[in-house]
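Participant:
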Amino acid sequence: MTKTVDVKQETARLLDKLGVSREVWSGGDMPTYSPVSGEQVGALKTVSAADAAQAIEAAHEAFKSWRLVPAPKRGELVRLLGDELRAAKEDLGRLVSIEAGKITSEGLGEVQEMIDICDFAVGLSRQLYGLTIATERPGHRMMETWHPLGVVGVISAFNFPVAVWSWNAALALVCGNPVVWKPSEKTSLTALASQAILERAIARFGEAPANLSQVLVGDRPIGEILVDHPNVALVSATGSTRMGREVGPRLAQRFARSILELGGNNAGIVCPSADLDMALRAITFGAMGTAGQRCTTLRRLFVHESVYDKLVPRLTKAYQSVSVGNPLETSALVGPLIDKQAFENMQKALASAKAEGGSVTGGNRVCDAGRDSAYYVRPAIVEMPKQSGPVLDETFAPILYVMKYFDFDRVIAEHNAVTAGLSSSIFKLNMQEAERFLSADGSDCGIANVNIGTSGAEIGGAFGGEKETGGGRESGSDAWKAYMRRATNTVNYSRTLPLAQGVSFDI
Ligand code: NAD
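With UniProt numbering as the guide, the letters of the sequence shown map in order to residues 1 to 507.
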């Protein structure tokens, strides 16, 4: 039998070990809870509006000197951050499990993702390339130069409480920008721990300006200060489409840049030639992993009628048998929902699916004795007669809607007939339909996969989605360009002044 973990004590132990002073997380005005036990584990001190504005102004000061530090040297700071994260992986991963309810391997995996992006950014710090461009004028040279942009504001969601910050911070720092972070009010302890880890790296680095990285603990209004402040050049905001709808226009109003990483309603298609064993594994991880609380969680599944009766009973069985439990005490594959609201939203969606003719397996609360305010649920699989009602929207909970399809063209149209456009998968072993799925008239998502699930992206690719997912891209590939400003430079090394397009202007 495993020992019962005292979640409150364990939180305090980890925060002490990670170097977060008690002053900032106890005795404050913002209670924070662990979904593992439902109990309050901290009371954080929130910043005032005036202090938040001051922090942004201080970051702007830091920008003035950080932008002049050569990029490979800035990379050295991020290399040290990666080092510190390696040393803290176990503790920070466990704190992620406590605060977001992730199972152990996913908590550790989230910290690994932070390490990976640091490695990526260190390499990037020597590769912030611009192009040299052929000019039409003799004796001229045209090129582009990438310069640091300014203060980067990060607003993050509860479900990736630390990785999203690192995707932004590692890139922003090598690109020459300070970072001001407003974490989710549900997961600010892990944010304070990440900041403490970065501060250790900054101390080792020795030459960083003060206020290069700051955390603003608070609710939405503090996020709004980041959004509206003229000294914040870019806001990278991760969260619901509702949040993006408020934040996007406000940023556009002042012509600030935005990276919006919003909700998803991700689908998979299982074709007649699919390897069903492989599909089963990918579907179960994609749909039930992180208790259905990933932006890339698989929520809609279209199965060809010829394989429906082979796959769906196996899937249903997996749903009935998957282990649900406390991530600190068991090796269960499904941890808790973040809170009561998430549970209620799930129940509402299931009731509405039933009303649309859906047949529901699972979805019931799994009670943990003595932990009445923790919300553990058995993931739900719902066979739907068609894509309607709650299937069209993201419910941030482990619900997989399964539908039968007959015709490939029609299923592609159904696949794309939702407002979100984040991630998608197709399962099949021959080429034509897979290539079609990846083509211009295939999946309309930012992420389209073949024979792997919708979730679990690597940091090397650009991450983000289309339509109501917001259009932003962060992490790998050339996502760094959003964190810099591009200048086109033309140099005339001749002794004449030819004008472009043959214009003459002789005085
Ligand atoms: P949420 O929208 O409730 O909150 C996200 C963050 O936005 C929080 O820090 C919150 O304080 C802040 N916020 C909310 N309204 C704001 C406003 N008007 N101005 C400024 N800040 C504001 O989201 P959540 O419940 O924490 O996270 C779940 C959602 O996030 C899901 O929809 C999920 O799909 C999405 N998500 C998307 C991605 C992605 O990369 N596309 C990644 C993770 C989560």
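Glycine included, C-beta positions come from ideal geometry on N, C-alpha and C. Nothing here was measured: the structure is a model prediction, and the numbers come from that model.
Between the C-alpha atoms of Pro161 and Ala100, what's the straight-line distance to the nearest angstrom?
Facilitator: Pro161 and Ala100: Cα-Cα distance of roughly 7 angstroms.
Participant: Checking 7 angstroms against the spacing of the C-beta atoms, do Ala154 and Leu234 come in under that value?
Facilitator: It should be pointed out that residue 154 corresponds to Val in this sequence rather than to Ala. No, the pair does not count as a contact, with Cβ atoms beyond the cut-off.
Participant: Does the distance from the CB of Ala43 to the CB of Gly28 come in under 7 angstroms?
Facilitator: Yes, Cβ-Cβ distance for Ala43 and Gly28 is below 7 angstroms.
Participant: Kindly examine the ligand NAD and report whether one of its heavy atoms sits closer than 6 angstroms to the Cβ of Gly263.
Facilitator: Yes; taking the cut-off as 6 angstroms, the Cβ of Gly263 has a heavy atom of the ligand NAD nearer than that.
Participant: Between the Cα of Gly471 and the Cα atoms of Phe427, Phe505 and Ser423, which residue gives the shortest distance?
Facilitator: Nearest C-alpha to Gly471: Ser423.
Participant: If I'm right that Val5 touches Leu328 with Cβ under 8 angstroms, what's the distance once you round it to whole angstroms?
Facilitator: Confirmed, Cβ separation roughly 5 angstroms.
Participant: Would you mind sorting Glu57 into buried or exposed? The rule is 16 or more other CB atoms within 10 Å of its CB.
Facilitator: Result: exposed.
Participant: Name the DSSP bridge partner or partners of Ala448?
Facilitator: According to DSSP, which records beta bridges pairwise, Ala448 is partnered with Ser424.
Participant: Which term fits Ala351, buried or exposed, when burial requires 16 or more other beta carbons within 10 angstroms of its beta carbon?
Facilitator: Flag for Ala351 reads exposed.
Participant: Quick one: is Met1 buried, meaning 16 or more other Cβ sit within 10 Å of its Cβ, or exposed?
Facilitator: Caution applies to Met1, whose pLDDT of 46 falls short of 50 and renders its modelled position unreliable; the value that the coordinates give is listed next. Exposed, because fewer than 16 other Cβ atoms sit within 10 Å of the Cβ of Met1.
Participant: Relative to the ligand NAD, is the shortest distance from any of its heavy atoms to the C-beta of Ser455 smaller than 6 angstroms?
Facilitator: For the ligand NAD, not one heavy atom lies less than 6 angstroms from the Cβ of Ser455.
Participant: Alpha carbon to alpha carbon, what distance is there between Asp339 and Ser258?
Facilitator: So the two alpha carbons sit approximately 29 angstroms from each other.
Participant: Heavy atom of the ligand NAD less than 6 angstroms from the Cβ of Cys295, yes or no?
Facilitator: Yes, since a heavy atom of the ligand NAD falls inside the 6 angstroms radius drawn around the Cβ of Cys295.
Participant: Scan the stretch 135-212 and note each continuous alpha helix (DSSP H) run of 4 residues or more that stays entirely inside, going in chain order.
Facilitator: Listed in chain order, the complete alpha helix (DSSP H) runs (minimum 4 residues) inside the stretch 135-212 are 163-174 and 188-205.
Participant: Can you tell which of Asp91, Asp372, Ala355 and Pro272 has its C-alpha closest to the C-alpha of Pro336?
Facilitator: Closest option to Pro336, Cα to Cα, is Asp372.
Participant: Going along the chain, which residues of its own chain have a beta-carbon closer than 7 angstroms to the beta-carbon of Ile117, five neighbours each way excluded?
Facilitator: The residues are Ser166, Trp167, Ala170, Ile459 and Ser475.
Participant: Which runs of the alpha helix (DSSP H) spanning at least 4 residues fall entirely within the stretch 455-501, listed in chain order?
Facilitator: The qualifying runs do not exist here; there are none.
Participant: Buried or exposed: Asp91, going by 16 or more other Cβ atoms within 10 Å of its Cβ?
Facilitator: With 16 or more Cβ atoms within 10 Å of its Cβ, Asp91 is classed as buried.
Participant: Can you give me the start and stop residues for the beta strand (DSSP E) that Ala397 sits inside?
Facilitator: Ala397 -> no beta strand (DSSP E), and no H or E assigned at all.
Participant: Between the stretch 352-369 and the stretch 258-272, are three or more C-beta pairs nearer than 8 angstroms?
Facilitator: Output reads no: the stretch 258-272 does not touch the stretch 352-369.
Participant: Would you say Thr190 and Phe158 are within 7 angstroms of each other, going by their C-beta atoms?
Facilitator: In this structure, Phe158 does not lie closer than 7 angstroms to Thr190 by Cβ.
Participant: Where Lys428 and Phe437 are concerned, what is the direct C-alpha to C-alpha distance, given to the nearest angstrom?
Facilitator: Straight-line Cα distance between these residues: approximately 11 angstroms.
Participant: Looking at the secondary structure, which residues open and close the alpha helix (DSSP H) in which His415 lies?
Facilitator: Segment Phe408 to His415, the alpha helix (DSSP H) holding His415.
Participant: Under 7 angstroms between the Cβ atoms of Ala397 and Gly292?
Facilitator: Yes, these two residues count as a Cβ contact at 7 angstroms.
Participant: Based on Cα-Cα distance, which residue from Arg67, Thr290, Asp444 and Leu499 lies nearest to Ala208?
Facilitator: The residue with the shortest Cα to Cα distance from Ala208 is Arg67.
Participant: Which one of Lys17, Lys45 and Lys404 has the shortest CA to CA distance from Glu23?
Facilitator: Of the candidates Lys17, Lys45 and Lys404, the one whose C-alpha sits nearest the C-alpha of Glu23 is Lys45.
Participant: Can you tell me which of the three DSSP states Phe505 falls into?
Facilitator: Coil at Phe505, not helix or strand.
Participant: Do Glu458 and the ligand NAP come close, with the Cβ less than 6 angstroms from some heavy atom?
Facilitator: The ligand NAP is absent from the structure shown, which contains only the ligand NAD.
Participant: For Arg126, which residues from the same chain have a beta carbon less than 6 angstroms from its beta carbon, with the 5 sequence-adjacent residues on both sides left out?
Facilitator: Excluding positions up to five away in sequence, the list reads Pro72.
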